[in-house]
Amino acid sequence: MSGFRKSIVAMLAPSLGLIAIFVLVPIALTIWLAFTKWSSQTPFSTATFIGFDNFREIFGTSSVGRDFKGAMVNTALYSLLSIALLLPLSVLFGMLIHQAELRGANILRTILFATYMVPMIAVALVFSKLYSPTEGPFNQILSWVGIGPQPWLSSPDTALVSVVLLNVWQQVGYFTILIIAGLTQIPHSIYEAARMDGARGPSLFGFITLPLLKRTLLFSAVIALINAVQVFEPVALITQGGPVGSTNVMTYHIRRVGIERAQGGLGSAMSVTLLLALVVTVTAVFALARREDRR
Amino acid sequence: MSVPATASSPGASSPAWRAILYLLMIGIAVASAFPLVWMVLSSLKTPAEAMQTPPVWIPGTPTLDAYTKVSDLISVGRSFANSAVIAGITTAGILVTSLMAGYAFTKYRFRYREVLFAITIATMFLPPIVTLIPLYRLVGSIGLNASLAGVILPNLANAFGIFLMRQFIAGVPDELVEAARLDGASEFRIVFTIVAPLVAPALAALALFAFVYHWNSYLWPLTVLQGNTNDYPIVISLARLLSYNRSAVNTNLVMAGATLAVLPPLILFVFLQRFFVRTITATGMGGQ
Chain H
4 MSGFRKSIVA MLAPSLGLIA IFVLVPIALT IWLAFTKWSS QTPFSTATFI
54 GFDNFREIFG TSSVGRDFKG AMVNTALYSL LSIALLLPLS VLFGMLIHQA
104 ELRGANILRT ILFATYMVPM IAVALVFSKL YSPTEGPFNQ ILSWVGIGPQ
154 PWLSSPDTAL VSVVLLNVWQ QVGYFTILII AGLTQIPHSI YEAARMDGAR
204 GPSLFGFITL PLLKRTLLFS AVIALINAVQ VFEPVALITQ GGPVGSTNVM
254 TYHIRRVGIE RAQGGLGSAM SVTLLLALVV TVTAVFALAR REDRR
Chain F
11 MSVPATASSP GASSPAWRAI LYLLMIGIAV ASAFPLVWMV LSSLKTPAEA
61 MQTPPVWIPG TPTLDAYTKV SDLISVGRSF ANSAVIAGIT TAGILVTSLM
111 AGYAFTKYRF RYREVLFAIT IATMFLPPIV TLIPLYRLVG SIGLNASLAG
161 VILPNLANAF GIFLMRQFIA GVPDELVEAA RLDGASEFRI VFTIVAPLVA
211 PALAALALFA FVYHWNSYLW PLTVLQGNTN DYPIVISLAR LLSYNRSAVN
261 TNLVMAGATL AVLPPLILFV FLQRFFVRTI TATGMGGQ
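Quick note, the sequences are listed as chains H and F, same order. So in the working numbering, the last one in the first sequence is 298, and the numbering has no gaps at all. So in the working numbering, the last one in the second sequence is 298, and the numbering has no gaps at all.
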């Protein structure tokens with residue numbers, strides 16, 4: 004091997020070797036194990052091939068199927084709600100910080116982004132107290148404006164939304180920074196030209212800011228989706244998937260089935276389904292965006 | 011990042027409108043800071059105050075009792091040491107592996123370079139749960155379950171670090187690298203003594219991202235450590251306060267624990283936030 008070849012290998016081996024062993028091999032294993040019956044407490048060699056049985060079971064009508072489909076629906080709802088709140092809020096906050104030229108805007112940016120540094124476990128603990136129906140400050144604040152007490156995490160109707168709100172609180176600062184990065188790419192001269200043509204507030208936003216932010220928004224939506232799929236701590240710590248399965252989301256459910264109940268084959272089939280669902284969604288979103296670009 | 015005030019800027023300018031914007035800004039700041047402020051205030055309450063309805067906002071007789079009590083409950087010192095070891099070693103590993111890979115991907119030309127890079131980048135978007143089950147078994151089969159080594163080893167390299175380093179090392183002139191080679195410097199010497207100092211701000215940002223991410227990380231350590239409480243990092247030790255979380259009388263304890271866990275990442279952020287913000291702005295992403 005030439006010296007040049009040797010240095011390529013030496014430079015890349017540590018990182019790509021680790022990624023291959025601890026990311027790519029596990030992906031391949033997940034796909035293979037999805038077609039086997041296997042206890043995750045035993046070596047891989049004990050896995051026995053059973054074809055599509057795991058997939059039939061998780062999409063079937065048994066309790067395994069019901070729980071899994073419930074987790075898929077909950078995760079989809081959770082992701083949609085998170086994106087629907089995070090994107091408009093981060094655009095509003097980003098414009099407020101970057102375009103409105105207010106004194107102290109940098110302080111707001113710091114406060115917003117600081118929440119992103121807080122460990123999710125601490126966020127979950129704090130919000131479990133804020134949401135407390137009796138001694139919690141949220142219901143107290145609502146009572147000041149004449150709204151009755153809400154059950155928050157303790158009712159199946161409001162628990163998932165309450166976890167979404169906690170997630171939005173933590174992540175909105177991060178997405179605001181992404182939007183600000185997008186806003187800085189829009190040249191001032193475009194706004195100036197539009198003003199000369201008589202465009203004002205809302206039309207500047209609708210015809211310039213929003214279209215030119217499209218790539219940033221698309222990217223933010225994808226990141227928000229991938230983050231949303233990972234929600235785990237508040238569910239594991241506070242709701243345990245309840246009440247009545249209303250917060251049973253994919254990361255929590257897959258870990259419970261595949262690790263805690265050691266049903267490694269079933270859990271892997273769920274992981275593969277999740278991965279496929281994500282790939283299809285992200286591809287569809289980009290394809291739609293491209294088609295609209297061409298129009 | 012603030013833009014100089016000019017008449018032609020997109021910002022609106024009537025005084026009433028500006029007053030509304032200021033109110034909005036203050037409202038957002040208050041809403042954003044409120045949970046953390048409430049956390050700290052609650053950690054200073056007495057048990058009696060913690061369970062009052064309607065809630066007590068400002069503790070009447072602030073006390074640090076909850077902090078001493080929580081330290082005994084979850085061995086805070088040991089948990090902090092474990093978190094520091096996990097986040098510290100992982101961060102060091104990510105810096106070294108990312109620097110080397112970033113250098114190789116920008117300063118060497120070889121077949122399949124773009125394909126290799128694309129595959130690496132694709133792993134950045136993979137939710138960890140997809141590989142959790144086999145990874146748990148894989149780490150177990152090399153005898154690293156229930157150990158700090160098992161928590162650390164799989165995370166010593168990641169796609170985000172490689173991506174970030176490639177972005178910034180691309181800005182290092184090729185002539186500089188060529189000159190060093192002519193002087194007889196080895197490739198490793200070039201990476202660590204010539205390239206590294208030139209991308210120091212990006213390395214600082216990566217170090218902060220990695221440290222905070224792995225300080226806060228919960229799912230993987232929880233899965234690998236399997237109840238080995240001796241090796242628990244602070245975020246997992248905190249979860250053990252759950253049994254105390256059920257009763258309002260212990261709110262001050264739980265909030266004291268949460269405050270302790272939040273401090274290291276938040277302090278790092280306050281001092282080094284310009285690196286965080288600059289890197290996200292430059293690359294359009296951040297985190298793992």
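C-beta: ideal position from N, C-alpha, C; glycine also.
Neighbourhood of residue i by C-beta distance below 7 Å, restricted to the same chain and skipping five residues each side
i         : result
MET14(H)  : none
ILE277(F) : none
GLY70(F)  : GLU59
ALA15(F)  : With a pLDDT of 39 at ALA15(F), under the threshold of 50, the modelled position of that residue is not reliable, and the figure given next carries that caveat. Nothing listed; no residue qualifies.
LEU220(H) : LEU90
THR100(F) : ILE162, ASN165, LEU166, ALA220 and HIS224
VAL275(H) : THR33, ILE34 and ALA37
ASN142(H) : PRO136, PRO152 and GLN153
THR302(H) : Look at the range of chain H in this structure, 4 to 298, and you will see that residue 302(H) is not part of it.
TYR119(H) : GLN173, GLN174, GLY176 and TYR177
THR269(F) : MET49, VAL50 and SER53
SER157(H) : PRO136 and PRO246
TYR242(F) : SER89, ASN92 and LEU235
GLY21(F)  : With a pLDDT of 49 at GLY21(F), under the threshold of 50, the modelled position of this residue cannot be trusted, and the question is left open.
8 Å Cβ cutoff, residue i in contact with chain A
i        : result
SER42(F) : In the structure shown, chain A does not exist; the protein chains are H and F.
Element boundaries [alpha helix (DSSP H), containing residue i]
i         : result
ASN226(F) : 210–226
ARG258(H) : 253–258
LEU115(H) : 108–117
GLN143(H) : 140–147
TRP155(H) : Counting along the chain, TRP155(H) falls outside any alpha helix (DSSP H), and DSSP gives it neither H nor E.
TYR32(F)  : 25–53
GLY6(H)   : 6–22
ARG147(F) : 139–151
PHE96(H)  : 66–101
GLU188(F) : 184–192
TYR77(F)  : 75–84
VAL129(H) : 123–133
GLN233(H) : Run containing GLN233(H): none; DSSP gives neither H nor E here.
Cβ pair residue i, residue j closer than 8 Å
i         : j         : result
ARG147(F) : ALA215(F) : no
ILE143(F) : SER131(H) : no
ILE30(F)  : PHE96(H)  : no
PHE52(H)  : THR39(H)  : yes
VAL252(H) : THR33(H)  : no
LEU136(F) : VAL26(H)  : yes
ILE183(H) : HIS101(H) : yes
VAL272(F) : LEU251(F) : no
PRO1(H)   : LEU133(H) : It is not possible to answer for residue 1(H), since the shown part of chain H is limited to 4 through 298.
ILE84(F)  : SER227(F) : no
VAL126(H) : LEU169(H) : yes
SER18(H)  : GLU197(F) : no
VAL175(H) : LEU92(H)  : yes
THR116(F) : ARG191(F) : no
LEU105(F) : ALA217(F) : yes
ALA156(F) : LEU235(F) : yes
GLY107(H) : MET35(F)  : yes
Cross-strand partners of residue i (DSSP beta bridge)
i         : result
PHE52(H)  : THR39(H)
GLN188(H) : Answer is none; GLN188(H) lacks a bridge partner.
GLN266(H) : SER42(H)
Neighbourhood of residue i by C-beta, 6 Å cutoff - its chain only, sequence neighbours within 5 removed
i         : result
VAL260(H) : GLN266, LEU269 and GLY270
THR233(F) : TYR146
ALA111(F) : ILE172
ALA266(F) : SER53, ALA76, TYR77 and VAL80
Proximal residues to residue i (C-beta, below 8 Å), its chain only, five neighbours per side dropped
i         : result
VAL288(H) : LEU221, ALA224 and VAL225
PHE210(H) : ALA197 and ALA202
PHE62(H)  : GLY68, PHE71 and LYS72
LEU80(H)  : LEU163
ARG123(F) : PHE115
Exercise. Below 9 Å between beta carbons is the criterion; list the residues of the stretch 180–198 of chain F that meet it against any residue of chain H, in chain order.
Key: SER196, GLU197 and PHE198
Quiz prompt | Residues of the stretch 145–157 of chain F with Cβ closer than 7 Å to any Cβ of chain H, in chain order | solution = LEU145, TYR146, ARG147, LEU148 and SER151
Exercise. Would you list, in chain order, the members of the stretch 213–224 of chain H that have their beta-carbon closer than 8 Å to a beta-carbon of chain F?
Key: THR219 and PHE222
Self-check item: Under 7 Å (Cβ pairs) to chain F, residues found in the stretch 41–58 of chain H
Solution: Hits within the stretch, in order: SER43, PRO46 and PHE47.
Practice problem: Closer than 8 Å, Cβ to Cβ, to anything on chain H: give me those residues from the stretch 26–37 of chain F, in chain order. | Solution: Those would be ARG28, LEU31, TYR32, LEU34 and MET35, in chain order.
Quiz item: If contact means a Cβ-Cβ distance below 9 Å, which residues of the stretch 20–34 of chain H contact chain F?
Solution: Under the 9 Å Cβ criterion, the stretch 20–34 of chain H contributes GLY20, LEU21, ILE22, ILE24, PHE25, VAL26, LEU27, VAL28, PRO29, ILE30, ALA31, LEU32 and THR33.
Quiz item: When Cβ atoms are compared, which residues of the stretch 216–229 of chain F fall closer than 8 Å to chain H?
Solution: VAL222, TRP225, ASN226, TYR228 and LEU229
Quiz item: Quick one, which residues of the stretch 115–141 of chain H are near chain F if we go by CB-CB under 8 Å, in chain order?
Solution: Cβ contacts with chain F: LEU115, PHE116, ALA117, THR118, MET120, VAL121, PRO122, MET123, ILE124, ALA125, VAL126, LEU128, VAL129, PHE130, SER131, LYS132, LEU133, SER135, THR137, GLU138, GLY139 and PRO140.
Self-check item: Contact list for the stretch 274–297 of chain H against chain F, Cβ threshold 9 Å
Solution: Residues passing the 9 Å Cβ filter: SER274, VAL275, LEU277, LEU278, LEU281 and VAL285.
Quiz prompt | Cβ-based contacts, 8 Å cut-off: residues of the stretch 249–264 of chain H near chain F | solution = MET253, THR254, ILE257, ARG258, GLY261 and ILE262
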